[in-house]
Amino acid sequence: MRRRLFAVAVLAALLVLPAAAASAHPLGNFTTNTYAGLAVTPDAVRIDYVLDLAEIPALQARQRIDADSDGEVGEAEGRRYREDEC
């Protein structure tokens, strides 16, 4: 009976205690991460390149990419950025 009461008390405590807050960018607002992966198959070789920019570098890059300053990154602007950066 004591074990059951203890188990119920522990379960209740786990359900009631608040969880720690999660952070979207634990490394900071200026963080830039990259990943390059190579996939080789019998008929192709593919390179996956990922550029992960935190809020501030992303805003700076978006302003640089938006050549006509209309607030949108158009297809031609995006293609030009990919050709220059990737």
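Residue numbering for the sequence shown is 150 to 235, as defined by the numbering used here.
Backbone N, C-alpha and C define an ideal beta-carbon position, used for all residues, glycine too.
Just so you know, these numbers come straight off a predicted model, no measurement behind them.
Between Y230 and A216, the alpha-carbon positions lie close to 10 Å from each other. G227: member of the alpha helix (DSSP H) spanning E224 to E234, first to last residue. D201 places its beta carbon 8 Å or farther from that of N178. Distance between I205 and A169, taken at the CA atoms: about 25 Å. With contacts defined by Cβ atoms closer than 8 Å, I214 and E226 form a contacting pair.
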